Amino acid sequence: MSDRAQPGHRPAQEADVRIAPIAPWPEPATTSDRLAAPSMPWQEPDRPVYRIVEVPADDRTPELDEDERERLRAEAELVARITLPRRPRRRGLQPEKRWYHCLRYPWLVRWPLLRFAALLAVATIWLALMMPPLSGRPSLIEPLLYALPLAFMALSCAFLQEVLESAVAGHAPHVPLAGIGAYGQVLASAGRWLYCFLAGPSLLIGAALLYWVHCGEMDSLDRLILAELGIVAAGYWLFGLVAVTRTRRLLDANPYRVAALAHALGYRAVIVVVALSLILWPHADLLLQALAHMHHSGLGGFCQLTLVWLSLLACLTILFRLIGLWCQRMPQAAAVLL
Amino acid sequence: MKRTYLAAYGLLALCLFVPLGIRWLTWPTPPQGSVDPAMAEVGRSLFMHDWTPNDPLCAGGDGLGPVYNATSCVACHKQGGVGGSDGLEHNVTVFVKPLPLQKPQVGVVHAHAVKFQETLQHVDPRLPAESQPSLETIRNLSRMGRQGRGLSLVDLSQRNTPALFGAGLIDAIPESTIIAEERAQWLRHGGAPADGEDRPAGRALRLADGRIGRFGWKAQSASLSDFVRAACAGELGLGNPGRDQPAPLGQPDHRPPGLDLTALQCDQMTAFIAALPQPVERVRADAGTRREVREGKHHFQAIGCADCHVPQLGSVAGLYSDLLLHRMGRELEGSGSYNQALPGRPDRSDGDTLPDEWRTPPLWGVADSGPWMHDGRASTLKEAIVMHAGQAARAAGRFSALPAMAQVDLIAFLESLRAP
Numbered sequence: 059m060s061d062r063a064q065p066g067h068r069p070a071q072e073a074d075v076r077i078a079p080i081a082p083w084p085e086p087a088t089t090s091d092r093l094a095a096p097s098m099p100w101q102e103p104d105r106p107v108y109r110i111v112e113v114p115a116d117d118r119t120p121e122l123d124e125d126e127r128e129r130l131r132a133e134a135e136l137v138a139r140i141t142l143p144r145r146p147r148r149r150g151l152q153p154e155k156r157w158y159h160c161l162r163y164p165w166l167v168r169w170p171l172l173r174f175a176a177l178l179a180v181a182t183i184w185l186a187l188m189m190p191p192l193s194g195r196p197s198l199i200e201p202l203l204y205a206l207p208l209a210f211m212a213l214s215c216a217f218l219q220e221v222l223e224s225a226v227a228g229h230a231p232h233v234p235l236a237g238i239g240a241y242g243q244v245l246a247s248a249g250r251w252l253y254c255f256l257a258g259p260s261l262l263i264g265a266a267l268l269y270w271v272h273c274g275e276m277d278s279l280d281r282l283i284l285a286e287l288g289i290v291a292a293g294y295w296l297f298g299l300v301a302v303t304r305t306r307r308l309l310d311a312n313p314y315r316v317a318a319l320a321h322a323l324g325y326r327a328v329i330v331v332v333a334l335s336l337i338l339w340p341h342a343d344l345l346l347q348a349l350a351h352m353h354h355s356g357l358g359g360f361c362q363l364t365l366v367w368l369s370l371l372a373c374l375t376i377l378f379r380l381i382g383l384w385c386q387r388m389p390q391a392a393a394v395l396l
Numbered sequence: 438m439k440r441t442y443l444a445a446y447g448l449l450a451l452c453l454f455v456p457l458g459i460r461w462l463t464w465p466t467p468p469q470g471s472v473d474p475a476m477a478e479v480g481r482s483l484f485m486h487d488w489t490p491n492d493p494l495c496a497g498g499d500g501l502g503p504v505y506n507a508t509s510c511v512a513c514h515k516q517g518g519v520g521g522s523d524g525l526e527h528n529v530t531v532f533v534k535p536l537p538l539q540k541p542q543v544g545v546v547h548a549h550a551v552k553f554q555e556t557l558q559h560v561d562p563r564l565p566a567e568s569q570p571s572l573e574t575i576r577n578l579s580r581m582g583r584q585g586r587g588l589s590l591v592d593l594s595q596r597n598t599p600a601l602f603g604a605g606l607i608d609a610i611p612e613s614t615i616i617a618e619e620r621a622q623w624l625r626h627g628g629a630p631a632d633g634e635d636r637p638a639g640r641a642l643r644l645a646d647g648r649i650g651r652f653g654w655k656a657q658s659a660s661l662s663d664f665v666r667a668a669c670a671g672e673l674g675l676g677n678p679g680r681d682q683p684a685p686l687g688q689p690d691h692r693p694p695g696l697d698l699t700a701l702q703c704d705q706m707t708a709f710i711a712a713l714p715q716p717v718e719r720v721r722a723d724a725g726t727r728r729e730v731r732e733g734k735h736h737f738q739a740i741g742c743a744d745c746h747v748p749q750l751g752s753v754a755g756l757y758s759d760l761l762l763h764r765m766g767r768e769l770e771g772s773g774s775y776n777q778a779l780p781g782r783p784d785r786s787d788g789d790t791l792p793d794e795w796r797t798p799p800l801w802g803v804a805d806s807g808p809w810m811h812d813g814r815a816s817t818l819k820e821a822i823v824m825h826a827g828q829a830a831r832a833a834g835r836f837s838a839l840p841a842m843a844q845v846d847l848i849a850f851l852e853s854l855r856a857p
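So, in structure tokens, the structure goes:
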């Protein structure tokens, strides 16, 4: 054989051994098989990529003598031991296989979470101190003063959006880097969040606020009504975000698609909405307490606000990761998102 | 499976819409009460009546006293017309005396008595023996006490007679409207707590029985009827079904033979007060005055006075009050009110208020209700504005920073708010 056998390359006709690639893994039949199968060959370091195939006698080249044939066999055995280089196995980069694997995600993104929590605390304090306009008359500078806290909120929205998008796409958990320099992506994410809020939840939240202001002393029925309005608004907002995540079409955040997505998720939709409510209500209460504390003690209030935002963002990243993976892995939900 | 989904969605819809439906059906409608003219006429005669000890109009009681501040309602409520306010001569002296391991004693040092004349010394032997201390005396004693130079720990303050015009309209405001204003202020001021002093976020006073207070300097009375009964007992010594007459400070065991007023008499007096007309905005016809008032109204809104002195509350226009408690700063502290619980009776004490918390007084008719502030310490409207502190400090500061002409305009606007 004049040239060295290359991986996958059919050797010359005169060789009496061939190196053939091993057949790939069979296609998994079920979802659990798919999740159990390794993603890439290098994740099974001891599995050879190639095998030696003995050429049948009638295919052998007759001109080769015994020494030449032995040399070719030794070369073939050497080549057969070739495996693709092994990449170091990195922990935490595999897509989650169980729902509770999502709980470790906030630890992975702890530093961005802390940064965004501090930014949101500053934004909250800024907005609270800006209300009402001190001058009593609208001025040109006030929109600029509102722009900074809104920019901080937009960055946080972009971060959460990327968490959701990576989960819907089935990517392994990683630290989202968008929002630091990708200003276009930040604006797009913030616009998407704002649109999904205005597309339905804004009416519900506005109705809830009006009801709360005018209902007088609240009894249990009033609290139940407010809780229902809040839960429906939060659930609609979340499913609307998921609906527009893959297609990037804002019109997908309509009640039909949102309802179809919730129906496709089945009982998981109930779990998500209940979990979202259990996350939002106590955090809203803690935020208000921290805001009141801020009026008494600036630094203490800031620290309290940062902690509350950190906790809220951590819980939301878990929830977004979970719902994204569910949407990616459930065929009915994935069909709705297409 | 399809039936399961349908059942689940049906249950979800039920859970969502049934509470809303129940609330819609049970939404409270504001009462459509009107005053009975006959009741109001009798009430007027009671309001004008000069009460005496063993008065024939008092069926089972001892009549006027044993301790009282005036002999008739109109003796104090007369400025600008029957039902108006009064000057400093009829200020009511209120005290709060801390007691060891007990709730503080709250009461009034009455100016007059049938037999057992009260003085400040009955409250604390270290105080002077005055039964009608002047405002200056009370303020000096209070100032010395705060500075630690006083001999007594008793908190003394006075209350100026408020005008009663438009009280019926205030009584008709639903509680939900007052609470709505409280919540709107909380939202408007970025979630600022009501016990803070940096933002004018007021709070509705929730009394011990759950009702919202709206009458009195400390919003200690939830309804006009309660307010009238407390005043009859506290000012005239006329015990009634809603309020017992106070015992003299030197005779705590004094018990009256019976009630002086019946429930019907109290209702008649309440009907008369509820029928009092609403104050008006009266502007002279000349263009200069009109411009001044218009500009003054604009400044009133712009500098933040309208944050608390809300022009309209619910359906009552021109009230210029949110009926909420606001903190007004240390210099304007003053604890106490009528509602002292008698020993042995159920505790009818009002909700807790801080010493510097005051209900926003309605500004309608303010031009005819001087002197101003809770004890009448401000002899001019400008002085009253400048005295605002605590949550109102920013607005007062902005008033002081206004040009002189703008201040004149604002005062002109306030002077257009006249008694009927």
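So the sequence lines, in the order shown, correspond to chains A and B. Residues 59 to 396 in this note's numbering are what the first sequence lists, from first letter to last. Residues 438 to 857 in this note's numbering are what the second sequence lists, from first letter to last. Note that beta-carbon positions come from the ideal geometry of N, C-alpha and C, so glycine has one too. In this text the structure is predicted, and so the values were computed from the model without any measurement.
Residue from the options whose Cα sits closest to the Cα of residue i
i: Ala609 of chain B; options: B:Pro857, B:Ala708, B:Tyr505, B:Asn677; result: B:Ala708
i: Pro694 of chain B; options: B:Ala496, B:Gly671, B:Val479; result: B:Ala496
i: Gly274 of chain A; options: B:Gly653, B:Arg648, B:Gln657; result: B:Arg648
i: Pro465 of chain B; options: A:Asp310, A:Tyr294, A:His272; result: A:His272
i: His736 of chain B; options: B:Pro490, B:Val845, B:Cys452; result: B:Val845
i: Gln622 of chain B; options: B:Cys669, B:Val747, B:Trp488, B:Pro599; result: B:Val747
i: Asp793 of chain B; options: B:Ala829, B:Leu847, B:Ala841, B:Thr614; result: B:Ala829
i: Val665 of chain B; options: B:Val511, B:Ser837, B:Ser853, B:Pro490; result: B:Val511
i: Leu187 of chain A; options: A:Met352, A:Leu319, A:Leu282, A:Leu245; result: A:Met352
i: Phe602 of chain B; options: B:Gln558, B:Gln682, B:Asp523; result: B:Asp523
i: Ala216 of chain A; options: A:Ala227, A:Leu185, A:Arg250; result: A:Arg250
i: Leu578 of chain B; options: B:Gly458, B:Lys515, B:Arg596, B:Leu557; result: B:Leu557
i: Tyr253 of chain A; options: A:Leu268, A:Ala212, A:Ala225; result: A:Ala212
i: Gly771 of chain B; options: B:Pro490, B:Val591, B:Gln688; result: B:Val591
Residue range of the beta strand (DSSP E) that includes residue i
i: Gln542 of chain B; result: 542-546
i: Leu593 of chain B; result: 592-596
i: Glu794 of chain B; result: 794-796
Start-to-end residues for the alpha helix (DSSP H) that takes in residue i
i: Asp608 of chain B; result: 604-609
i: Lys534 of chain B; result: Run containing Lys534 of chain B: none in the alpha helix (DSSP H); it sits in the beta strand (DSSP E), 529-534.
i: Leu762 of chain B; result: Careful: Leu762 of chain B lies outside any alpha helix (DSSP H), inside the beta strand (DSSP E) at 762-764.
i: Val665 of chain B; result: 661-673
i: Glu275 of chain A; result: Premise fails: Glu275 of chain A is in no alpha helix (DSSP H) and is neither H nor E.
i: Glu620 of chain B; result: Note on identity: in this sequence residue 620 of chain B is Arg, with Glu being the wrong assignment. Note, Arg620 of chain B: alpha helix (DSSP H), 612-625.
i: Leu172 of chain A; result: 168-188
i: Glu478 of chain B; result: 474-485
i: His736 of chain B; result: 724-739
i: Lys439 of chain B; result: 439-462
i: Val328 of chain A; result: 325-354
i: Gln702 of chain B; result: 700-711
i: Lys831 of chain B; result: The amino acid at residue 831 of chain B is misidentified as Lys; the sequence shows Arg. Start and end: 830-838.
i: Gln558 of chain B; result: 557-560
i: Met388 of chain A; result: Element bounds for Met388 of chain A: n/a, residue is neither H nor E.
Partners in chain C for residue i, counting only beta-carbon separations shorter than 7 Å
i: Leu308 of chain A; result: Any reference to chain C falls outside this structure, whose protein chains are A and B.
Heavy atom of the ligand SAH within 8 Å of residue i beta-carbon
i: Asp523 of chain B; result: By its list of ligands, the structure shown contains no ligand whatsoever, and the ligand SAH lies outside what it can speak to.
Residues bridged to residue i [DSSP beta-bridge criterion]
i: Ala815 of chain B; result: B:Trp809
i: Phe652 of chain B; result: B:Ser658
**Report entry** Residues, ordered as in the chain, of the segment 353-369 of chain A that lie near chain B by beta-carbon distance below 8 Å
**Finding:** Correct list: His353, His354.
Report task. Taking a Cβ distance cut-off of 7 Å, strictly less, list which residues of the segment 609-620 of chain B are near chain A, in chain order. Result -> Hits within the stretch, in order: Glu612, Ser613, Ile616, Ala617, Arg620.
Requested in this report: Count the C-beta pairs between the segment 686-702 of chain B and the segment 574-584 of chain B that are closer than 8 Å, then say yes if the count reaches three, no if not.
Outcome: The way I'd put it, the segment 686-702 of chain B doesn't touch the segment 574-584 of chain B; fewer than three beta-carbon pairs between them come closer than 8 Å.
Query - Validate contact between the segment 281-290 of chain A and the segment 333-343 of chain A using beta carbons, cut 8 Å, 3 pairs - result: Short answer: they touch.
Requested in this report: For the segment 446-475 of chain B, enumerate the residues whose C-beta is nearer than 8 Å to any C-beta of chain A, in chain order.
Outcome: Cβ contacts with chain A come from Cys452, Leu453, Pro456, Leu457, Ile459, Arg460, Pro465.
Query - Proximal residues, the segment 331-346 of chain A versus chain B, C-beta separation under 8 Å - result: So the close ones are Leu346.
Query - Near-chain B residues of the segment 277-290 of chain A (beta-carbon distance less than 8 Å), N- to C-terminal order - result: Going along the segment 277-290 of chain A in chain order, one finds Leu279, Asp280, Leu282, Ile283, Glu286, Val290 with a Cβ nearer than 8 Å to chain B.
Requested in this report: Note down, in chain order, all residues in the segment 208-230 of chain A with a beta-carbon under 8 Å from any beta-carbon belonging to chain B.
Outcome: Near chain B, meaning a CB-to-CB distance below 8 Å, no residue of the segment 208-230 of chain A qualifies.
Query raised in the report: Are at least three pairs of beta-carbons, each pair with one atom in the segment 697-706 of chain B and one in the segment 485-502 of chain B, less than 8 Å apart?
Result: The segment 697-706 of chain B is in contact with the segment 485-502 of chain B.
Query raised in the report: Between the segment 718-752 of chain B and chain A, which residues of the former have CB atoms less than 9 Å from a CB of the latter, in chain order?
Result: Taking 9 Å as the Cβ-Cβ cut-off against chain A, the residues of the segment 718-752 of chain B that qualify are Gln738, Ala739, Ile740, Gly741, Asp744.
Query raised in the report: How do the segment 441-454 of chain B and the segment 240-258 of chain A stand: do at least 3 beta-carbon pairs fall below 8 Å, yes or no?
Result: No contact exists between the segment 441-454 of chain B and the segment 240-258 of chain A.
Query raised in the report: Listed in chain order, which residues of the segment 628-641 of chain B have Cβ atoms closer than 8 Å to some Cβ of chain A?
Result: Going along the segment 628-641 of chain B in chain order, one finds Gly628, Ala629, Pro630, Gly633, Asp635, Arg636 with a Cβ nearer than 8 Å to chain A.
Report task. Assess, as a yes-or-no matter, whether the segment 810-817 of chain B is touched by the segment 755-772 of chain B under the definition of 3 or more beta carbon pairs within less than 8 Å. Result -> Between the segment 755-772 of chain B and the segment 810-817 of chain B, the count of C-beta pairs closer than 8 Å reaches three or more; the two stretches touch.
Query raised in the report: Going along the segment 372-390 of chain A in order, which residues come within less than 8 Å of chain B, judged by CB to CB distance?
Result: Result list empty, no residue passes.
Report task. Would you check if there are 3 or more beta carbon pairs closer than 8 Å linking the segment 354-372 of chain A to the segment 160-176 of chain A? Result -> Yes, since at least three Cβ pairs between the segment 354-372 of chain A and the segment 160-176 of chain A fall closer than 8 Å, the two stretches touch.
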